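K.L.:
For the protein sequence lines, the chains are A and B, in the order given. 397 is the number that numbering that gives the first Met the number 0 gives the last residue of the first sequence; the numbers go up by one with no jumps. 397 is the number that numbering that gives the first Met the number 0 gives the last residue of the second sequence; the numbers go up by one with no jumps.
Number of protein chains: 2
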Amino acid sequence: MEYFLSDRVQTLKPSAIREIFKYAADPTVISLSAGNPDPNAFPVNEIAEISNDILTNRPIDALQYSITEGYAPLRETLKAYMKNRHNIGRDFDDLVVTSGAQQVMDLATKSLVNEGDTIICEAPSFIGSLNSFRAYKARLCGIPLESDGMNLKALENALKAEKNVRFIYTISNFQNPSGVTTSLEKRHAIYELAKKYGVLILEDNPYGDLRVSGDDVPSIKSFDNDGIVIYAGSFSKVLSPGMRIGWFVAPSEVASKMIVCKQGSDVHTNAWAQIVANEFMTKYDFDAHLERLRSIYREKICFTQKLLDKYIAPEITYNKIDGGLFIWCRLPDEIDMTTFCSEAVKRKVCVVPGNAFLTDEKEQCHSFRINFSTPTNEQLEKGIKILGDLAREMLNGK
Amino acid sequence: MEYFLSDRVQTLKPSAIREIFKYAADPTVISLSAGNPDPNAFPVNEIAEISNDILTNRPIDALQYSITEGYAPLRETLKAYMKNRHNIGRDFDDLVVTSGAQQVMDLATKSLVNEGDTIICEAPSFIGSLNSFRAYKARLCGIPLESDGMNLKALENALKAEKNVRFIYTISNFQNPSGVTTSLEKRHAIYELAKKYGVLILEDNPYGDLRVSGDDVPSIKSFDNDGIVIYAGSFSKVLSPGMRIGWFVAPSEVASKMIVCKQGSDVHTNAWAQIVANEFMTKYDFDAHLERLRSIYREKICFTQKLLDKYIAPEITYNKIDGGLFIWCRLPDEIDMTTFCSEAVKRKVCVVPGNAFLTDEKEQCHSFRINFSTPTNEQLEKGIKILGDLAREMLNGK
Numbered sequence: 000m001e002y003f004l005s006d007r008v009q010t011l012k013p014s015a016i017r018e019i020f021k022y023a024a025d026p027t028v029i030s031l032s033a034g035n036p037d038p039n040a041f042p043v044n045e046i047a048e049i050s051n052d053i054l055t056n057r058p059i060d061a062l063q064y065s066i067t068e069g070y071a072p073l074r075e076t077l078k079a080y081m082k083n084r085h086n087i088g089r090d091f092d093d094l095v096v097t098s099g100a101q102q103v104m105d106l107a108t109k110s111l112v113n114e115g116d117t118i119i120c121e122a123p124s125f126i127g128s129l130n131s132f133r134a135y136k137a138r139l140c141g142i143p144l145e146s147d148g149m150n151l152k153a154l155e156n157a158l159k160a161e162k163n164v165r166f167i168y169t170i171s172n173f174q175n176p177s178g179v180t181t182s183l184e185k186r187h188a189i190y191e192l193a194k195k196y197g198v199l200i201l202e203d204n205p206y207g208d209l210r211v212s213g214d215d216v217p218s219i220k221s222f223d224n225d226g227i228v229i230y231a232g233s234f235s236k237v238l239s240p241g242m243r244i245g246w247f248v249a250p251s252e253v254a255s256k257m258i259v260c261k262q263g264s265d266v267h268t269n270a271w272a273q274i275v276a277n278e279f280m281t282k283y284d285f286d287a288h289l290e291r292l293r294s295i296y297r298e299k300i301c302f303t304q305k306l307l308d309k310y311i312a313p314e315i316t317y318n319k320i321d322g323g324l325f326i327w328c329r330l331p332d333e334i335d336m337t338t339f340c341s342e343a344v345k346r347k348v349c350v351v352p353g354n355a356f357l358t359d360e361k362e363q364c365h366s367f368r369i370n371f372s373t374p375t376n377e378q379l380e381k382g383i384k385i386l387g388d389l390a391r392e393m394l395n396g397k
Numbered sequence: 000m001e002y003f004l005s006d007r008v009q010t011l012k013p014s015a016i017r018e019i020f021k022y023a024a025d026p027t028v029i030s031l032s033a034g035n036p037d038p039n040a041f042p043v044n045e046i047a048e049i050s051n052d053i054l055t056n057r058p059i060d061a062l063q064y065s066i067t068e069g070y071a072p073l074r075e076t077l078k079a080y081m082k083n084r085h086n087i088g089r090d091f092d093d094l095v096v097t098s099g100a101q102q103v104m105d106l107a108t109k110s111l112v113n114e115g116d117t118i119i120c121e122a123p124s125f126i127g128s129l130n131s132f133r134a135y136k137a138r139l140c141g142i143p144l145e146s147d148g149m150n151l152k153a154l155e156n157a158l159k160a161e162k163n164v165r166f167i168y169t170i171s172n173f174q175n176p177s178g179v180t181t182s183l184e185k186r187h188a189i190y191e192l193a194k195k196y197g198v199l200i201l202e203d204n205p206y207g208d209l210r211v212s213g214d215d216v217p218s219i220k221s222f223d224n225d226g227i228v229i230y231a232g233s234f235s236k237v238l239s240p241g242m243r244i245g246w247f248v249a250p251s252e253v254a255s256k257m258i259v260c261k262q263g264s265d266v267h268t269n270a271w272a273q274i275v276a277n278e279f280m281t282k283y284d285f286d287a288h289l290e291r292l293r294s295i296y297r298e299k300i301c302f303t304q305k306l307l308d309k310y311i312a313p314e315i316t317y318n319k320i321d322g323g324l325f326i327w328c329r330l331p332d333e334i335d336m337t338t339f340c341s342e343a344v345k346r347k348v349c350v351v352p353g354n355a356f357l358t359d360e361k362e363q364c365h366s367f368r369i370n371f372s373t374p375t376n377e378q379l380e381k382g383i384k385i386l387g388d389l390a391r392e393m394l395n396g397k
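Structure (structure tokens):
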């Protein structure tokens, strides 16, 4: 039978990253392509302890139907945490638990964007979010990302030129894939531009708590007194991605529509995971846990950057990072990026081709993304050395 | 700020059932409006045991990112179970784990239905699915449900008259809300009609394993040699709804698009829940567990039907059921259903107004739905007596 497929999915392809995972599943391949937290970063004993307590003493809470908005005590805990720690949340806002932050992208698009409407994104940006937007036939408009955030001139031009812009999507801290943190000045400027042009901002902050150097920069949502920012948070990098729990803070009117959409998407988020997250935040030392994560990643980032300086510089350049899980590397103009990534796979090293993160994958791109949180130190050293050797060979025309 | 909302959500309302839950949360109210499994139906000790084992011996499997298609061993277990037990799954099919069966409705609509395309539904039908369909601006066409399934003449007329019909949605066993089981003859007839008109079938079977009397009827998917049926299964009624795990079996070409949509929706389903489900199915006696559930519900159905005969007949009539969680009750023509349901709430009994299950909620409806799995026996007796007294008072014009 020839199947009729909706216009939405006609051009949707599986994420390039997920496709690369197929190579990465080969145990002889060193994968620098994933985005998994370091396995040592999970509070395994605490989760086991909490889970055992819940399933012994109040199993029905974890096993029965729950409500769409999320487990009430977790919502209260997160509201207080966001307010006290990040100055996020005003009287007009609501906080809702989601099935990972990915679901925030899905629900925001479903609620706010008609087919053909425009979403402004950083270029490059996180492929998972871009695919969420594409699945609703949104038009994506990429704004070049500089070392301190989006190019403001290009952003304003886009706001002027594009019709029906529904929101500006930004990952403000340690952006995926570029590692860029948007400066405070640019955050304010982006906020003011959004306000001027009557457009919302979707601020995605999965890595904010993983800063390993420098000072925290206030999130855009923290100065949202006008109700124009939807903030997406996630437990994936600070507790467990397998649990699939994220949340959003958004003006109640927008939140109420996102909740109705969530009813139709998955009814509610896994109840056990929500209770575990709440117990972990309230009965254990969440701050000490975050500090432990930062020290794990601080060490790993330092180690990786040394390897990059030793093995791939100066042929391949990269942006130093203050946190997050990814480093963005740039090949010299003479090297074709796609060829480089394919050759690397033949030598058993997987990286993600940079064009996967562009709004138009056919655009020229000389960069690729590496991750350092999943591989071991030995794999990192071996893999990065192979990448450097390959670049030099390609430059020398071998 | 005045928010722009997508056309999709302009008319979407929170599910009437979820709204009724607000009354039902009042502890002095007897709720016959939920659809929660009986709390005694959860294999609490087994789940605690399995969970403890996983989190002690291989925590990273449960906590790390997993793949979109689902935990591989669970997919294999379900494939074998569906094949051996239900003759479901051909070489052209694939099986994918989802975040509850609700997500199957969402992904199927996202992948197969353009805005304005038609989905044919039973009338009445499950409100959660109708809202999933509505969220993609599908046009809903309801086919009157008879005691043995859809009216075939009306179905064929709709297939002839409606443009761009993408699928026929049916809950073939113990339908929600009507309790109707579609006969084998009608299942074959629906299949042949779908084939004749080149339309898919979405067969939703959350209650199939909860048959308490009569013989099992083969599912439509079991005779799908043409690749035209998407089958949705669920652990919500046989293991735990709070875990949010369902699955679908669909032709691979359709499944591959639904998988890409799932990547953008929630990346993957909670990993812990998937492993728990797999261990429960493979290391424990799943059949004995189902038998235990059936005996719990058999007793409860028998008890409830006796109460209905005693307290509400003959004024209110109802369809006897062979399984599932719901009984559909019909008021005499003289009683206005909406007034009846509101009066019942004032007397502290919640039922779901029947029009909530119609494709057009403004249509006349004389029925309401009750659930017997959530309330205690005492609540059932008290609640049903109140309903019967109310009906008689309204008839006598008091």
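For glycine and all other residues, C-beta sits at the position ideal for the given N, C-alpha and C. These numbers come from a predicted model, not from an experiment.
Using a C-beta to C-beta distance shorter than 7 Å, which residues of chain B count as neighbours of Thr55 of chain A?
P.N.:
Simply Ala47.
K.L.:
May I have a chain-ordered list of the beta strand (DSSP E) segments no shorter than 3 residues that lie completely inside the segment 200-269 of chain A?
P.N.:
Segments of the beta strand (DSSP E) lying fully in the segment 200-269 of chain A: 228-233, 245-250.
K.L.:
Return yes when the Cβ of Leu324 of chain B is within less than 9 Å of the Cβ of Ile383 of chain B, no when it is not.
P.N.:
No. Outside cutoff.
K.L.:
Alpha helix (DSSP H) containing Pro58 of chain A: first to last residue?
P.N.:
Residues 58-62.
K.L.:
Which residues in the same chain have their Cβ closer than 6 Å to the Cβ of Ser65 of chain B, if we skip the five residues on either side of it in sequence?
P.N.:
These residues qualify, in order along the chain: His267, Ala270.
K.L.:
Closer than 7 Å by beta-carbon distance: list the chain A residues that pair up with Ile398 of chain B, in chain order.
P.N.:
Residue coverage of chain B in this structure runs from 0 to 397, which leaves residue 398 of chain B outside it and unanswerable.
K.L.:
Examine chain A for any beta-carbon lying closer than 9 Å to the beta-carbon of Pro72 of chain B, and answer yes or no.
P.N.:
No, because no Cβ of chain A sits closer than 9 Å to the Cβ of Pro72 of chain B.
K.L.:
Identify which residue in B:Thr169, B:Val103, B:Leu158 has its Cα closest to the Cα of Cys120 of chain B.
P.N.:
Closest by alpha carbon: B:Thr169.
K.L.:
When you compare the segment 81-98 of chain B with the segment 248-259 of chain B, are there three or more beta-carbon pairs, one atom per stretch, that lie closer than 8 Å?
P.N.:
Flag = yes, the segment 81-98 of chain B and the segment 248-259 of chain B touch.
K.L.:
Quick check: the Cα distance between Val350 of chain A and Leu31 of chain A, rounded to an integer number of angstroms?
P.N.:
Whole-angstrom Cα-Cα distance: 5 Å.
K.L.:
Residue range of the beta strand (DSSP E) that Phe367 of chain A falls in?
P.N.:
366-370 is the span of the beta strand (DSSP E), which, as asked, contains Phe367 of chain A.
K.L.:
Can you pull the chain A residues whose beta carbon is under 8 Å from the beta carbon of Ala276 of chain B, in chain order?
P.N.:
Chain A residues near Ala276 of chain B: none, gap ~12 Å exceeds 8 Å.
K.L.:
Write down the C-beta distance between Cys328 of chain B and Ile369 of chain B rounded to the nearest angstrom, noting that I regard them as a contact closer than 8 Å.
P.N.:
That belief holds up - the Cβ atoms of Cys328 of chain B and Ile369 of chain B are roughly 6 Å apart, short of 8 Å.
K.L.:
I want to verify the contact list: residues of chain A whose CB lies under 9 Å from the CB of Ala272 of chain B, in sequence order.
P.N.:
Within chain A, the residues near Ala272 of chain B are Asn269, Trp271, Ala272.
K.L.:
Of the residues B:Glu202, B:Ser366, B:Thr337, B:Lys345, which one's Cα is nearest the Cα of Thr316 of chain B?
P.N.:
It is B:Ser366 whose Cα lies nearest to the Cα of Thr316 of chain B.
K.L.:
Residues of the segment 251-269 of chain A with a CB closer than 9 Å to any CB of chain B: list them in chain order, please.
P.N.:
Here the close residues are Glu252, Val253, Ser255, Lys256, Met257, Ile258, Val259, Cys260, Gln262, Gly263, Ser264, Asp265, Val266, His267, Thr268, Asn269.
K.L.:
Cβ of Glu114 of chain A less than 9 Å from any chain B Cβ?
P.N.:
Yes, Glu114 of chain A lies at the interface with chain B (some Cβ there is under 9 Å from its Cβ).
K.L.:
For the alpha helix (DSSP H) that Thr76 of chain B lies in, which residues bound it at each end?
P.N.:
Taken as a continuous stretch (DSSP letters only), the alpha helix (DSSP H) holding Thr76 of chain B covers 71-85.
K.L.:
Give the secondary structure of Phe285 of chain B by DSSP, where H, G and I count as helix, E and B as strand, and everything else as coil.
P.N.:
Three-state DSSP puts Phe285 of chain B in a helix.
K.L.:
Ignoring anything shorter than 4 residues or poking outside the segment 307-389 of chain B, list the alpha helix (DSSP H) runs there in chain order.
P.N.:
The segment 307-389 of chain B contains these whole alpha helix (DSSP H) runs: 336-345.
K.L.:
If we cut at 9 Å on Cβ distances, does Met242 of chain A have a partner in chain B?
P.N.:
Output row for Met242 of chain A: interface = yes.
K.L.:
Comparing C-alpha positions only, which one of B:Arg293, B:Thr180, B:Asn156 sits nearest to Pro217 of chain B?
P.N.:
Nearest option by C-alpha distance: B:Thr180.
K.L.:
Mapping the DSSP letters down to three states, classify Ser110 of chain A as helix, strand or coil.
P.N.:
Of the three classes helix, strand and coil, the one that applies to Ser110 of chain A here is helix, per DSSP.
K.L.:
Using a Cβ-Cβ cut-off of less than 7 Å, give me the residues of the segment 78-111 of chain B that come near chain A, in sequence order.
P.N.:
So the close ones are Ser98, Gly99, Gln101, Gln102, Asp105, Lys109, Ser110, Leu111.
K.L.:
Whose Cβ in chain B lies nearer than 7 Å to the Cβ of Tyr64 of chain A?
P.N.:
Chain B residues near Tyr64 of chain A: Asn35, Pro240, Gly241.
K.L.:
Span of the alpha helix (DSSP H) holding Ile189 of chain A?
P.N.:
183-196 is the span of the alpha helix (DSSP H), which, as asked, contains Ile189 of chain A.
K.L.:
Within the same chain, show all residues whose beta-carbon is closer than 7 Å to that of Ala153 of chain A, passing over the 5 residues directly before and after it, in chain order.
P.N.:
Ile142, Pro143, listed in sequence order.
K.L.:
Indicate whether Phe356 of chain B and Phe125 of chain B have their beta-carbon atoms separated by less than 9 Å.
P.N.:
Yes.
K.L.:
Where do the N-terminal and C-terminal ends of the alpha helix (DSSP H) with Ala157 of chain B fall, by residue?
P.N.:
151-160 is the span of the alpha helix (DSSP H), which, as asked, contains Ala157 of chain B.
K.L.:
Closer than 8 Å by beta-carbon distance: list the chain B residues that pair up with Asp6 of chain A, in chain order.
P.N.:
Under the 8 Å cutoff, chain B gives Asn113.
K.L.:
So, are the CB atoms of Cys340 of chain B and Lys109 of chain B less than 9 Å apart?
P.N.:
Their beta carbons are not under 9 Å apart, which means Cys340 of chain B does not touch Lys109 of chain B by this criterion.
K.L.:
Would you say Leu292 of chain A faces chain B, with C-beta separation under 9 Å as the test?
P.N.:
Leu292 of chain A does not count as touching chain B.
K.L.:
Using a cut-off of 9 Å between C-beta atoms, extract the partners of Arg165 of chain A located in chain B.
P.N.:
By Cβ distance, chain B contributes Phe3, Ser5.
K.L.:
Whose CA, out of B:Arg346, B:Pro352, B:Ser98, lies closest to the CA of Asp25 of chain B?
P.N.:
Nearest option by C-alpha distance: B:Arg346.
K.L.:
Can you give me the Cβ contacts of Tyr283 of chain A inside the same chain, cut-off strictly under 7 Å, excluding the 5 residues immediately before and after it?
P.N.:
Glu45, listed in sequence order.
K.L.:
Cβ closer than 8 Å: which chain B residues qualify as neighbours of Asn51 of chain A?
P.N.:
Ala47, Ser50, Asn51, Leu54, listed in chain order.
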